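Count the first sequence with the working numbering and you get residues 1335 to 2197, in order.
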Amino acid sequence: MEHRYNPKTIEPKWQARWAENRQFKVTEDPSRKKYYLLEMFPYPSGKIHMGHVRNYTIGDVVARYKTMKGYNVLHPMGWDAFGMPAENAAIANNTQPAAWTYENIQYMKRQLKQLGFSYDWDREVTTCTPEYYRWEQWLFIRMFQKGMAYRKESYVNWCDPCQTVLANEQVEAGACWRCGKPVRQKKLSQWFFKITDYAQDLLDFCDQLPGWPDKVTTMQKNWIGKSTGAEIHFAVEDSDQTITVFTTRHDTVLGATFMCLAPEHPMVEILSRNTSQAQAIADFQERMAAENRSSQTIETYEKEGVFTGAYCINPLTGRRMPVYAANFALMEYGTGAVMSVPAHDQRDFEFAQKYGLDIIVVITPDNMALENVAKTEAYTGRGVMVNSLQFDGLDNIAAQEKIADYLEANNLGKRAVSFRLRDWGISRQRFWGTPVPMIHCDSCGIVPVAEEDLPVILPENVDLLEGGGSPLSKLDAFINTTCPICGKPARRETDTMDTFVESSWYFERYCSPQCDSAMFDKTAVDYWMPVDQYIGGVEHAVLHLLYSRYFTRVLNDLNMVAYKEPFTRLLTQGMVCKETLSCPEHGFLFPEEARPEKDGYVCTKCGAPVTVGRVEKMSKSKKNVIDPNTLLDAYGADTVRLFCLFAAPPERDLEWSEQGVDGCFRFLNRIWRLVQDVEMKIADAAPFDGDMTDLDEDLKKLFQKTHQTIQKVSSDIEDRFHFNTAISAVMELVNLMYTMDLDSGHKETAGVIRKAVESMILLLSPIVPHFAEELWETLGNESASLANTPWPAFREDALVADTVTMVAQVNGKLRGKFTVDADADDTVAREKALADDNVQRFIDGKTIKKIVVVKNKLVNIVV
RNA sequence: GCGAGAGUGGCGAAAUUGGCAGACGCGCUGGACUUAGGAUCCAGUUCCGCAAGGAGUGGGAGUUCGAGUCUCCCCUCUCGCACCA
1335 MEHRYNPKTI EPKWQARWAE NRQFKVTEDP SRKKYYLLEM FPYPSGKIHM
1385 GHVRNYTIGD VVARYKTMKG YNVLHPMGWD AFGMPAENAA IANNTQPAAW
1435 TYENIQYMKR QLKQLGFSYD WDREVTTCTP EYYRWEQWLF IRMFQKGMAY
1485 RKESYVNWCD PCQTVLANEQ VEAGACWRCG KPVRQKKLSQ WFFKITDYAQ
1535 DLLDFCDQLP GWPDKVTTMQ KNWIGKSTGA EIHFAVEDSD QTITVFTTRH
1585 DTVLGATFMC LAPEHPMVEI LSRNTSQAQA IADFQERMAA ENRSSQTIET
1635 YEKEGVFTGA YCINPLTGRR MPVYAANFAL MEYGTGAVMS VPAHDQRDFE
1685 FAQKYGLDII VVITPDNMAL ENVAKTEAYT GRGVMVNSLQ FDGLDNIAAQ
1735 EKIADYLEAN NLGKRAVSFR LRDWGISRQR FWGTPVPMIH CDSCGIVPVA
1785 EEDLPVILPE NVDLLEGGGS PLSKLDAFIN TTCPICGKPA RRETDTMDTF
1835 VESSWYFERY CSPQCDSAMF DKTAVDYWMP VDQYIGGVEH AVLHLLYSRY
1885 FTRVLNDLNM VAYKEPFTRL LTQGMVCKET LSCPEHGFLF PEEARPEKDG
1935 YVCTKCGAPV TVGRVEKMSK SKKNVIDPNT LLDAYGADTV RLFCLFAAPP
1985 ERDLEWSEQG VDGCFRFLNR IWRLVQDVEM KIADAAPFDG DMTDLDEDLK
2035 KLFQKTHQTI QKVSSDIEDR FHFNTAISAV MELVNLMYTM DLDSGHKETA
2085 GVIRKAVESM ILLLSPIVPH FAEELWETLG NESASLANTP WPAFREDALV
2135 ADTVTMVAQV NGKLRGKFTV DADADDTVAR EKALADDNVQ RFIDGKTIKK
2185 IVVVKNKLVN IVV
């Protein structure tokens, strides 16, 4: 045994041995119980950051634990390798996205290996390889054939200087993140996946995911956003046109006095054509199109609209209702048309006041005179129907049903639901993505690439466009092809797919990553899927996790998989944070730019006092990033892993603390010295597992503590993923051994100590695997690896102490403590409590009303 | 505005079913060992108080023999969605 704990020699040694023994390779084995543990795979951005380290450490502990518990554990890793940063980096560095990506993968893979994660690297999946994306193209064609993938015109975020579409995430405060110029809405023909077909199913199953945090299912429910109401048809005056609205408040339809259409609603142009309003409407539409509506906040955004020149008729009252184009009507929700009831909707109220439109009250709350309703703001609560013809006097909720019946009976509308969820627009005018496998033929239309011609290979070594637009549309060699149906010259689709498509099925690919005859091997998927435990950041709560649930339903409908939900349990880990330092003159500072002085820090550049800011997520711009490389260099992987788990429970944010890391390193050193001290003594002993009555008091205490620790650590990992308390339990065991006399002459001393030390090592082995392997070897245990050494079991009889300390309370306040035999009779406990001097002082001279005894816990005397 | 989560020492946190609040770690204080200590070991460390004792889990009420934990009201912070008709 080396004198000092030196991770620099230990860690490479064990990493090499694991690789040599193919320690973490797994195969399907129907005779064994499987466990699929998955962590969200990284984008190969350059190097691993602390968020990855935390995520993958949590996963690795569970994977190693489950393996020791006897499960056949699938624990894979791969690369979400398509995406815009590769293009940007390639342009900036005059290289190719592929070269940049593969270099990053190589580097990051080395980092992951340095951290000792137990991945089966034979199952590595890289999404930018043709072997991967060909199956995505194959599925796209299937979906196209089934009507699940389609093309339509829609509005997208468009940046003129960059000549490209931007994802919502790439629009910052209404401006392009690359050039800073404003983004506008542009109508483009785009590919969509029909996720809305599954809106109801995705919503229903939110309540059938007990292994998911409520937070995530709630966010998904809100995102899907189901509203129940009615569709109502409004005839346009002097025309055969009708306008259909969706409303959740059809009880208020008799109070509708005007109509608002989204500026881009197709009826707006039709209605205003050849009227005196035509020019005003055209100007308004143009202004709205140029405006970035998503960046507006409610406080600053004033409602405005323009009269179209047309009227429609309220189907229940026959009232003429002016039709407006209005900025607060959204084309993407409902039907893009709003029946405006100013008395009972605040937006409509404000709009009516601004433009002098009629306000008719149709619901009055109890105890309020009609003339006082909707004076200064809309009344949106419950009440009794008024001004509503045959519905007068009804409760408004009851009226909702009556009115819906009436609409349906007279063909004026029907009950309807509306979802907020919209179809998934997957087209990207970007180069570094999976090509959409479609062909545009002048004679046959838009047709899929023939299956035998897949994959449609993304060309290599292209000249990327400085502006960022897709070079594919300029590449004749890529574009020009022949129609698979008629054989005439045709053009390839140049859009690529959103990178979220790749991440929607990678977990199935891991089951049979080399399969070249299908997306995946059915037997392998049947064995491994669904994922038993998924771990990743909460930032994917809606996007990736919703898309993956959707994709699984698609595969299920295509009879490719037997399940509907891909992830049985989900853990969303918190962020890794650190305090920021800032100087009034120079802004955020790196730690080395702040010099400690008597009253805190000063800026090394200007000498001004430095403000220690809030603890925030690590980010380059805030200069509070810790590079895992420097930590690995200073402490080694095991200390970093230990700290990530010890500092906070996994779902909470982790505050980085240099001193905390030091503490973890000290703890490992403390164990190292302990093992060093007892090594010779216990070298020849077998772990004690005999009769406890033979042991003297100290040894018995150690033996019991050992088994209690095994129980505590097991349940903390198994039931709760509370690694922080698991670690503290082992610390307590170590502390006990430090404060005990380990040299007692008892014949079982060596055996009991060996049991304690071995348990300690085994319990820590998923957390600090290199460290544990080294100590295990030191103790002379023969084993290829601790990873397939069974997890220690605890002995029930060793958990319970012979005596317990009970508490004596008077009126619920602690007044004394006493010791009784475990499970002592209530009367014994009561007598002991009453005998306590201090208890006597407090009950002296008072009448005892009641005595409550809780076995093995306390006696409460009420006076 | 709607939805979700959180609030406990100087700090990170613990308390699994209503039962000794603050385990474990960091920091700090004192001691030992040392040429030395930013190593190691031992002891102490919620606050007020010399003490007996008292107070104490964001604030206020309630249920209970007993509340960090359950109920109601309020405050603060974080995250998500946000003109959703």
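Cβ coordinates follow ideal geometry from the N, Cα and C atoms, glycine included.
Computed from a predicted model, the values in this text were never measured in an experiment.
Distance check for residue j and residue i, CA to CA, integer angstroms please.
i: I1632; j: F1662; result: The predicted model places I1632 with a pLDDT of 46, which falls under 50 and marks its position as unreliable, so this point remains unresolved.
i: W1472; j: S2119; result: 42 Å
i: E2092; j: W2110; result: 7 Å
i: Y1844; j: S1573; result: 59 Å
i: V1865; j: G1412; result: 15 Å
i: T1768; j: R1826; result: 13 Å
i: S1629; j: A1415; result: Below a pLDDT of 50, predicted positions are generally treated as unreliable, and S1629, at 44, falls in that range; the measurement from the model is reported next regardless. Roughly 30 Å between the two C-alpha positions.
i: I2101; j: E1950; result: 26 Å
i: E1437; j: A1423; result: 12 Å
i: T1857; j: R1468; result: 21 Å
i: I2177; j: K2183; result: 11 Å
i: R1754; j: G1715; result: 23 Å
i: P1789; j: F1474; result: 12 Å
i: V1550; j: V1876; result: 7 Å
i: T1828; j: T1552; result: 37 Å
i: E2130; j: D2050; result: 17 Å
i: F2057; j: Y1405; result: 20 Å
i: F1812; j: W1839; result: 27 Å
i: E1785; j: E1666; result: 35 Å
i: V1395; j: A2121; result: 11 Å
i: E1684; j: R1518; result: 27 Å
So the candidates are the options; which of them puts its Cα closest to the Cα of residue i?
i: V2221; options: A1483, I2101, Q2038, A1432; result: Here the chain comprises residues numbered 1335 to 2197, so residue 2221 is not present and cannot be evaluated.
i: Y1740; options: V2144, H2080, L1588, E1711; result: L1588
i: P1376; options: R1366, L1522, Y1390, D2018; result: Y1390
i: A1624; options: Y1897, V1490, V1579; result: V1490
i: M1853; options: Y1868, E1836, D1866, Q1867; result: E1836
i: L1798; options: Q1430, R1975, I1577, D2178; result: Q1430
i: V1751; options: E1421, I1737, G1668, E1735; result: G1668
i: G1821; options: G1652, M1702, G1450, C1775; result: C1775
i: A2020; options: A1982, K2089, V1696, S2062; result: K2089
i: V2047; options: N2115, K2035, D1531, L2067; result: L2067
i: G1970; options: L1877, R1929, H2104, Q1619; result: H2104
i: D1967; options: R1338, M1335, P1346; result: P1346
i: K1637; options: A1533, M1593, K1688, P1805; result: K1688
i: M2026; options: L2192, I2016, T2040, Y1399; result: T2040
i: G1393; options: A2063, G2024, A2156, L1904; result: L1904
i: C1978; options: T2059, P1823, K2035; result: T2059
i: Q1734; options: T1562, I1439, S1674, E1571; result: T1562
What are the partner residues of residue i, as DSSP defines its beta bridges?
i: D1729; result: V1718
i: W1839; result: In the DSSP output, where bridge partners are listed per residue, W1839 has none listed.
i: V2188; result: L2192
i: H1337; result: In DSSP, H1337 forms no bridge with anything.
i: I1577; result: F1568
i: E1913; result: V1949
i: F1641; result: Y1658
i: N1814; result: R1825
i: V2138; result: V2154
**Request:** Run through the segment 1360-1426 for me and flag every whole beta strand (DSSP E) of 3 or more residues, listed as ranges in chain order.
**Result:** Fully enclosed beta strand (DSSP E) runs of 3 or longer: 1368-1373, 1406-1408.
**Asked** Within the chosen definition, does the segment 2024-2032 reach the segment 2074-2083 through at least 3 CB pairs nearer than 8 Å?
**Response** Between the segment 2024-2032 and the segment 2074-2083 there are three or more C-beta pairs closer than 8 Å, enough to call the two in contact.
**Message:** Whether or not the segment 1931-1943 and the segment 1886-1904 are in contact is what I'm after, with contact meaning three or more pairs of Cβ atoms, one per stretch, closer than 8 Å; do they touch?
**Reply:** Between the segment 1886-1904 and the segment 1931-1943, the count of Cβ pairs shorter than 8 Å is below three; the stretches do not touch.
**Request:** Please confirm if the segment 1609-1623 is in contact with the segment 1713-1724, defined as three or more CB-CB distances below 8 Å between the two stretches.
**Result:** Counting Cβ pairs under 8 Å, fewer than three are found: no touch.
**Prompt:** Is the segment 1523-1542 in contact with the segment 1753-1773, if contact means three or more CB pairs nearer than 8 Å?
**Reply:** Output reads yes: the segment 1753-1773 touches the segment 1523-1542.
**Message:** Three or more C-beta pairs under 8 Å: does that hold for the segment 1449-1469 against the segment 1357-1374?
**Reply:** Output reads yes: the segment 1357-1374 touches the segment 1449-1469.
**Request:** Report yes or no: do three or more beta-carbon pairs, one from the segment 2139-2151 and one from the segment 2166-2174, lie closer than 8 Å?
**Result:** Yes: at least three Cβ pairs fall under 8 Å.
**Message:** With three or more beta-carbon pairs closer than 8 Å as the criterion, would you say the segment 1611-1618 touches the segment 1646-1655?
**Reply:** Flag = no, the segment 1611-1618 and the segment 1646-1655 do not touch.
**Message:** Closer than 8 Å is the cut-off here; do at least three beta carbon pairs connect the segment 1594-1614 with the segment 1532-1548?
**Reply:** Not touching, per the Cβ criterion.
**Asked** Can you give, in chain order, each stretch of the beta strand (DSSP E) that sits fully within the segment 1920-2002 and has at least 3 residues?
**Response** If we require 3 residues or more, the beta strand (DSSP E) runs fully inside the segment 1920-2002 come out as 1921-1923, 1928-1931, 1934-1937, 1945-1951.
**Message:** Report the start-end ranges of each alpha helix (DSSP H) in the segment 1726-1783 that is 4 residues or longer and not cut off at the edges.
**Reply:** Counting whole runs of 4 or more residues, the segment 1726-1783 contains the alpha helix (DSSP H) stretches 1730-1743.
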